[in-house]
Amino acid sequence: MILALILLIPLLTSEYALPDEPEGVSDIRAYYSEVKSMMDEEYALYTTTVLINPTDVPYPAVGNYFERTDFYWDLNTEYGEKNLLLVIHTSQHAAHSEYHELLFERGGGLVFLFSSTSNNDEMKIETRRWYSGGALLHSTECLVTPDGTEFIEPGDDPFMRTPEYYVKLFEAID
């Protein structure tokens, strides 16, 4: 019994070790910075916005409910096709708030996802995922509280709509 406790104590007190960033993450970070800086330029990106309940009328059994999705895109000048580059989604459902960013490479594939969700003002969960060729390259998740940030083992994000959902919505607007 004592031996079992001695072996179990390190498992109970160990903290999650953040894995090293694999090759390719720094390139995605640079691309993210490039797209974000283009948002500040007057003629660099087009923006399409979808608002749900913009007048903030309370929903039955939910209370306040609001969603905003901004699509940032440019044109492929050779073919006149739209290149969806970034989606920013914010929502507020009663005490639950969400903020998501999805970064797409030119030509379509998801390369980065950021998600921040909170059910109160004291704690939020932030998830970051980097992709290459459609496969998960790297993932981090952390709890952010007034006391600081603690990295935890990444899990599923049950509140996130899929990247395909946003692509289909963008295409439906076109």
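The opening position of the sequence shown corresponds to residue 10 in my numbering, with each subsequent residue numbered one higher.
We treat Cβ as the ideally placed atom computed from N, Cα and C, and that holds for glycine.
- By the beta-carbon neighbour count (other beta carbons within 10 angstroms, threshold 16), V96 is buried.
- Judged by their CB atoms, Y74 and L54 are not nearer to each other than the 7 Å cut-off.
- Contact between W139 and F121 is confirmed by a C-beta separation of about 6 Å, below the 8 Å threshold.
- 7 Å or more divides the Cβ of H105 from the Cβ of N85.
- Listed as beta-bridge partners of D79 by DSSP are T58, I97.
- Counting C-beta atoms within 10 angstroms of its own C-beta, L60 has fewer than 16 neighbours from the protein chains shown and is therefore classed as exposed.
- Between E159 and G89, the alpha-carbon positions lie close to 45 Å from each other.
- Listed as beta-bridge partners of L145 by DSSP are Y140.
- Secondary structure note for V120: it is in no alpha helix (DSSP H), and the uninterrupted beta strand (DSSP E) holding it is 119-127.
- Annotation for G118: Y140, G142, G143 place their beta carbon closer than 8 Å to its own, counting only its chain and skipping 5 residues before and after.
- Excluding its 5 nearest sequence neighbours in each direction, P31 has C-beta neighbours in its own chain below 7 Å: L146, H147, listed in chain order.
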